[in-house]
Each structure stands twice: as C-alpha cells, then as structure tokens.
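Colleague: Sharing a structure here in structure tokens format.
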Amino acid sequence: MGFPPEYFDSGLAYQAQAGDTFIVTYPKCGTTWTQHILWMLHHDGEPLPLGKNINLEVPHLEEVGSEFVAALPEPRLIKTHLSYELTPYHPQAKYIYVARNPFDCAVSFYYHTKGFIKHYDFAKGTFDEFFECFIAGEVDWGDYFDHLVPWIEHKHELNVLCLTYEAMKSDPKAAIIAIATFLGAAYIKKVENRRILESILDHTSFTRMSKDQSRWSSERPNHLPPFIRKGEVGDWKSHFSASQTQKLTQKFRQRTAGTEAATIFQNASSPVI
Ligand code: PPS
7 MGFPPEYFDS
17 GLAYQAQAGD
27 TFIVTYPKCG
37 TTWTQHILWM
47 LHHDGEPLPL
57 GKNINLEVPH
67 LEEVGSEFVA
77 ALPEPRLIKT
87 HLSYELTPYH
97 PQAKYIYVAR
107 NPFDCAVSFY
117 YHTKGFIKHY
127 DFAKGTFDEF
137 FECFIAGEVD
147 WGDYFDHLVP
157 WIEHKHELNV
167 LCLTYEAMKS
177 DPKAAIIAIA
187 TFLGAAYIKK
197 VENRRILESI
207 LDHTSFTRMS
217 KDQSRWSSER
227 PNHLPPFIRK
237 GEVGDWKSHF
247 SASQTQKLTQ
257 KFRQRTAGTE
267 AATIFQNASS
277 PVI
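Counting from 1 along the sequence shown, just add 6 to a position and that's the residue number in the numbering used here.
In structure tokens form, the structure reads like this:
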C-alpha cells in the first residue's frame with residue numbers, strides 16, 4: 007500500500023477519544039464520499055475548497071499515524087480501513103461503516119491498484135489478474151469478507167452506523183440525514199436547514215465530486231480513469247466473466263451465511279447477492 011510502516015504501526019496504537027468520529031470502510035466502498043459528507047456537515051454546508059485535501063482534513067489513520075490524528079482539532083474526523091478488531095475503540099467515539107457490494111468494490115479496487123503507479127507494480131495488470139488476488143484476499147487490507155462480516159455484526163451498537171454505498175446512491179438525502187442523526191442534535195439542526203442540506207446533497211454528488219479531484223487524491227496517469235471514476239452500482243457486469251461471477255457469488259454466500267451481512271445488499275438495488 008506504500009504507507010510508511012512506522013505510521014501504520016503508530017496508527018494502530020492510536021488511543022481513540024470520546025468525540026472522535028471514525029469513517030470505516032474496506033477500500034473503494036465509499037470512503038471519500040462519506041468523508042466529504044462529514045466534512046460538509048462540520049462546515050455548515052460549505053464544500054471542501056480547491057487547494058485543500060480531504061486526506062489532511064479527515065486523515066487516514068494508517069497513513070498519517072497517531073500523532074497527526076491526536077493533534078487534530080476536536081471533534082476529530084478520522085478515516086480508516088482497519089478491521090473491527092484493529093480499529094481503535096472508545097465507547098464514546100462514533101463509527102460510521104460503509105459497505106459496498108464486493109463485485110463493484112473489486113472493479114473499483116482494480117482501477118485503484120492500476121492507477122497508483124507509485125504504490126503498486128500493477129500498471130500493466132489485467133482485471134483477471136486482479137480478480138485472482140481479490141478472491142484470495144491477497145490485496146491491501148486483506149480479505150473483503152474478513153472486514154465486512156465482523157463490522158456488520160456490530161451494526162446494532164449505539165455508536166455504530168452502518169450504511170451501504172448502494173443505499174447511499176439510491177437515496178443520498180436519506181443517507182446524509184442518517185449520518186446527521188447519528189452524530190447528534192447539533193447536526194440534526196444543521197440538516198433541518200434547507201440551504202445546508204441542499205448544499206451537502208449537491209456538492210457530494212458524483213458529478214460535483216468529479217470536479218477538482220486534486221481535493222481527494224494525487225494525480226493519476228492521463229490514460230487511466232480518474233479517482234472519482236464511475237460511481238455506479240453494477241459496473242461490475244462489464245468486467246466479470248460468468249465464472250468470476252459464480253466464484254464471488256459462492257464466496258459471498260459461504261462467508262456471510264448465518265451472519266447479519268448475508269442480506270445487507272438485498273434491499274439496495276444491488277447485484278446478484
Ligand atoms: S478509497 O481509496 O478506499 O478511499 O476509495 P473510496 O473513496 O472508498 O471509493 C472510491 C469509489 O467511490 C466512488 N465515489 C462516489 N460514488 C458516488 N458518488 C460520489 N459522490 C462518490 N465519490 C466517490 C468512486 O467513483 C469510486 O468508485 P468507482 O466504482 O471506481 O467509480
């Protein structure tokens with residue numbers, strides 16, 4: 007993943023504080039979108055201006071380490087891709103978990119891995135090659151299901167809010183209101199203000215976030231798709247072969263059977279699951 011190991015280790019050792027809000031995701035599941043929603047909620051509906059980078063405002067714990075995060079102004083907004091067991095815990099911290107169906111996640115992760123040529127030796131890699139790594143769980147932050155299942159098992163806890171990318175796509179206003187409600191009365195008040203709510207809805211849309219992408223990520227080679235790439239549910243259908251679809255469907259069924267995660271994508275206009 008290309009993060010300095012000392013920052014990764016120090017991120018793991020971060021002591022979560024009351025008042026911290028963590029955005030937790032497996033990679034490529036809607037992190038940046040949720041980071042921007044959170045940032046705008048904390049800035050009364052102002053979008054992140056050009057010249058700022060979301061990853062300095064809502065930093066990635068494993069990338070910057072604990073000192074950087076501890077020095078943030080309160081309330082701290084923190085991004086992490088860590089598993090449930092590894093995420094720093096405090097009973098009065100809040101955890102927003104965003105899940106995305108593994109099919110679209112795999113496709114998005116493939117373009118990510120291809121595009122960040124300074125982190126990965128995969129510029130010439132194919133989707134078929136990436137799929138084999140994804141299904142084996144041999145990608146950054148490990149196996150998709152090792153992340154998804156334990157987090158979703160905690161979705162009923164009072165300080166955990168679980169959303170799906172698919173539901174956020176189908177009703178983004180409801181997702182913003184759900185996040186505000188989870189954060190508490192001060193944030194409910196903000197989204198009761200029509201100007202603030204409409205501004206967040208507008209500036210966190212795919213179309214708006216596709217503009218001025220230096221706010222989210224470093225430059226990508228011109229011949230590859232940008233970081234905010236397609237933002238669709240179902241793009242996987244133009245990448246997966248029949249046998250890949252079958253393999254991932256089977257793995258999904260096996261790994262989620264009897265768990266809360268088995269049905270989370272069913273009511274969210276998402277694929278085969
Ligand atoms: S990362 O690198 O893990 O932080 O990536 P992450 O932000 O989790 O995921 C990137 C994918 O999210 C899509 N995206 C959005 N979709 C819809 N609406 C908005 N506003 C939005 N912002 C980001 C982005 O396009 C990536 O998905 P794909 O499928 O590759 O387009």
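Every residue gets a Cβ at the ideal spot worked out from N, C-alpha and C, and that includes glycine. Computed from a predicted structure; not experimentally measured.
1. Going by DSSP in three states, Val145 sits in which element: helix, strand or coil?
2. Based on Cα-Cα distance, which residue from Ala77, Thr93, Lys58 lies nearest to Phe28?
3. Can you tell which of Asp127, Asp241, Asp146 has its C-alpha closest to the C-alpha of Glu69?
4. List the residues that DSSP assigns as beta-bridge partners of Ile194.
5. Nearest to Phe136 by CA position, among Thr40, Phe109, His162, His160, is which residue?
6. Would you call the CB atoms of His125 and Gly17 closer than 7 angstroms?
7. Using C-beta distances below 6 angstroms, list every residue in its chain close to Ile183, excluding the 5 sequence neighbours before and after it, in chain order.
8. For Thr37, which residues from the same chain have a beta carbon less than 8 angstroms from its beta carbon, with the 5 sequence-adjacent residues on both sides left out?
9. Pull up the CB-CB distance for Ile234 and Phe258, whole angstroms please, since I reckon it's below 8 angstroms.
10. Name the two residues that bound the continuous alpha helix (DSSP H) containing Thr251.
11. Are Ala22 and Ala99 closer than 7 angstroms when you measure CB to CB?
12. When DSSP labels each residue in this structure, what does Phe151 get in the three-state scheme?
13. Taking DSSP's pairing of strands, which residues face Tyr103 in a bridge?
14. Look at the alpha carbon of Ser72 and the alpha carbon of Leu78, and state the distance between them as a whole number of angstroms.
15. Report all residues from its chain with a CB closer than 6 angstroms to the CB of Tyr193; omit the five preceding and five following residues, and keep chain order.
16. Keeping to the same chain, check which residues put their C-beta closer than 8 angstroms to that of Gly148; ignore five residues upstream and five downstream.
17. Please say whether Val155 and Thr265 have beta carbons closer to each other than 7 angstroms?
Modeller: Per the coordinate set shown:
1. The residue labelled residue 145 in the question sits at position 139 within the sequence shown. Three-state result, Val145: coil.
2. In the sequence shown, counting from the first residue as 1, residue 28 sits at position 22. Among Ala77, Thr93, Lys58, the Cα nearest to that of Phe28 is on Thr93.
3. To locate residue 69, count along the sequence shown from 1; it is residue 63. Nearest option by C-alpha distance: Asp146.
4. In the sequence shown, residue 194 corresponds to position 188, counting from 1. DSSP output for Ile194 lists no bridge partner at all.
5. In the sequence shown, the residue the question calls residue 136 occupies position 130. Nearest C-alpha to Phe136: Phe109.
6. If you number the sequence shown from 1, residue 125 lands on position 119. If you number the sequence shown from 1, residue 17 lands on position 11. No, the pair does not count as a contact, with Cβ atoms beyond the cut-off.
7. As a working mapping, residue 183 is identified with position 177 in the sequence shown. Contacts found: Val197.
8. Counting from one through the sequence shown, the residue named residue 37 turns up at place 31. Answer for Thr37: Ile29, Thr31, Lys85, His87, Val104, listed in chain order.
9. Translated into the one-based positions of the sequence shown, residue 234 becomes position 228. Translated into the one-based positions of the sequence shown, residue 258 becomes position 252. Not really, about 26 angstroms apart at Cβ, beyond 8 angstroms.
10. As a working note, residue 251 is residue 245 in the sequence shown. From DSSP, the alpha helix (DSSP H) with Thr251 extends over 248 to 262.
11. For the purposes of this step, residue 22 is identified with residue 16 of the sequence shown, where counting begins at 1. For the purposes of this step, residue 99 is identified with residue 93 of the sequence shown, where counting begins at 1. Yes, Cβ-Cβ distance for Ala22 and Ala99 is below 7 angstroms.
12. The sequence position of residue 151 within the sequence shown is 145, counting from 1. In the structure shown, Phe151 sits in a helix (DSSP, three-state: H, G or I).
13. Within the sequence shown, residue 103 is the residue found at index 97, counting from 1. In DSSP, Tyr103 forms a bridge with Val30, Cys168.
14. Mapped onto the sequence shown, residue 72 falls at position 66. Mapped onto the sequence shown, residue 78 falls at position 72. Approximately 10 angstroms, taken between the alpha carbons.
15. Here the question's residue 193 lines up with position 187 in the sequence shown. Here the set comprises Leu47, Ala186.
16. Within the sequence shown, residue 148 is the residue found at index 142, counting from 1. Cβ neighbours of Gly148 beyond the five flanking positions: Ser89.
17. Taking the first residue of the sequence shown as position 1, residue 265 is located at position 259. Taking the first residue of the sequence shown as position 1, residue 155 is located at position 149. Closer than 7 angstroms, so yes.
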